[in-house]
Structures are given as C-alpha cells and as structure tokens.
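In the numbering used here, the protein residues as written are -17 to 269.
Virtual Cβ for every residue (Gly too), placed ideally from N, Cα, C.
Presented below is the structure to which this report refers.
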C-alpha cells in the first residue's frame, strides 16, 4: 500500500468515527481533552443551592483548584525530601522555588474569591451543612509534611477512614525539616545525634542546640546557606497564605462560626503566629 493510500484510509477511518467523537478528541488518539479528562473534570462542579445562586460556581471552582494545588504541593514537597536526603543542593533549591511560586498563586486566588460579597456568599452558605475547608484532608497532609503533629486534627478525622490512615502515615514519617537536618549532616553540619534519631511522629519545636550548627552554615555562605533561605521563603510563603485566608474569611463572614462547626476566623487567626521552622528565624539575630 502506498503512503498516500494509507493516509487516505486513515483519514477515512477517522472521518467515520467523527460523529462519536467528543469535543477535544482526535479519533482514538490521545488529545488535550482525553489526556486531561476535561469532560470528567467539568462534570465535578455541582452547585446545591436552591434556588440557584450565581456565585456558588465560583466558590466551588476556587476550592477545587486549591485542592489541585495542594496535590501538587504534596508531590513537590515529597520530592524535595528525597532530594534533601540525597544531599542535592541545586535541585532542592529549584523544587523549593517551585513550591513557593505555587503558594504565591494560591495567595493570588484569594483576590478572585474576594470579589464575592458577604451577601452573595450568604445566598448559598446555609446549604454547605457540615462542609468546611477545615476538612481538607490534603491541606492537613501538607501541614504534616511541613512538621505539624496535632492530635486534635487526627482526632477530628473519622476512625478507619482512608483519610485518617493517610494522615497518620504522613505524621509517622520524617517531616521536611527532619529531611533538612539530614541534608545538613550530609554536608558536614551535623545536628546533635538525638535530633537525627528522634521520634519523628512527635512535634519538633524550637531547638536552641541547633543554633551553632545553623550559624556555621550561614558563616560558610555556601549552597547549604541558600537552602536555609529557601526554607525560610517557604515558611514565609505559608504564613502569607494563612494571613490572606484569615482576612478573606473575616471580610466574608466576620466573626460568625465557620461551616462544619469550626470557629471560623478565630481558629484561622490561631494558626498565624507559630512558624514551621522556628530555628531558622531565631538564628537571624546572630547573623
């Protein structure tokens, strides 16, 4: 068969399938629509307000996009841990910069959500029932990767659920900061052995014994010092996200209780102050 005949047959077969194609698909070949599962993706926005509330779709889309970003952040942070524990300097900096960029996008999305007035949100808020951002399993997993070990969060997750199992597993593994300490040890800046061998399921707060180690890192001013700075960037980026989230909630519902029984802005304000990596902030007064 000639190349031209083969091309005609292929084109004819494709044309024969055309009536059954969905938009964005090119015959049986992988396409934009099929690769990204666009039809299925666009079926996931299901408003529940009755009568319909125009702004509910925006609320759903924004929060679904956040969940996708949380998924990517978890993916990137787990990769960053692998790189840290292998001693990679340039590659981990690149990954942490990507994480920070995603966090900045997440902060920027608050601007879109704030185009919704309190009255517009009230138009469907009562239909959210127990649904609350407090229940975001991925955000809890993200916090656990960053080092949060909060028994209250675990207790609020249904016993025996896949969410609880995943969260417990994450809390039982080394945090990003644990991986960071191992990275420093690989580069000759060893933390006390007790820290490197600690029970990683327990929270790690301010550790003054690390001050001299971190000071030595900064005095040398080489690659590991830049990794320290990217960790600080990450901590600051998370605080920025928390702050914008708090102000958005205050702007939208004031001091009302949040959906799902949470305390709303009051709870969110309580998460603002403690940094995830307090040692990296404390050492700055000695630099």
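| Check | Outcome |
| --- | --- |
| Rounded separation between residue 45 and residue 51 - CA only | 10 Å |
| Length of the line joining the Cα atoms of residue 191 and residue 174 | 7 Å |
| Cβ pair residue 85, residue 162 closer than 8 Å | no |
| For residue 183 and residue 78, the rounded distance between their alpha carbons | 23 Å |
| Among 35, 15, 41 and 83, nearest to residue 222 - alpha-carbon criterion | 83 |
| Member of 41, 26, 201 and 257 whose CA lies at the smallest distance from the CA of residue 107 | 41 |
| Short CB-CB distance (under 8 Å) between residue 57 and chain D | In the structure shown, chain D cannot be found, because there is only a single protein chain. |
| Contact the stretch 94 to 102 vs the stretch 69 to 78: 3+ CB pairs below 8 Å | no |
| Contact set for residue 148: own chain, Cβ-Cβ below 8 Å, skip 5 residues either direction | 119 and 123 |
| Reference residue 234; option with closest CA among 64, 105 and 90 | 105 |
| Residues near residue 88 in its chain [Cβ-Cβ closer than 6 Å; skip 5 each side] | 51 and 223 |
| Beta-carbon spacing of residue 129, residue 213 below 8 Å | no |
| Whole alpha helix (DSSP H) elements within the stretch 116 to 187, 4-residue minimum | 119 to 127, 133 to 137, 144 to 153, 158 to 168 and 175 to 178 |
| Where residue 231 falls, given that 16 or more other Cβ within 10 Å makes a residue buried | buried |
| Residue 95 versus residue 236 - alpha carbon distance | 15 Å |
| Spatial distance of residue 49 from residue 56 (CA atoms) | 11 Å |
| Residue 261 burial status per 10 Å Cβ neighbour count (16 or more: buried) | buried |
| Residue of 150, 171 and 159 minimising C-alpha distance to residue 188 | 159 |
| Within the stretch 4 to 57, ranges of the alpha helix (DSSP H) (whole runs, at least 4 residues) | 14 to 17 and 20 to 24 |
| Residue 269 (DSSP reduced to helix, strand or coil) | coil |
| DSSP three-state assignment for residue 204, whether helix, strand or coil | coil |
| C-beta atoms of residue 215 and residue 268 nearer than 8 Å | no |
| Distance between residue 43 and residue 23 (C-alpha atoms, nearest Å) | 11 Å |
| Top-ranked residue by Cα proximity to residue 185, from 209, 133 and 141 | 133 |
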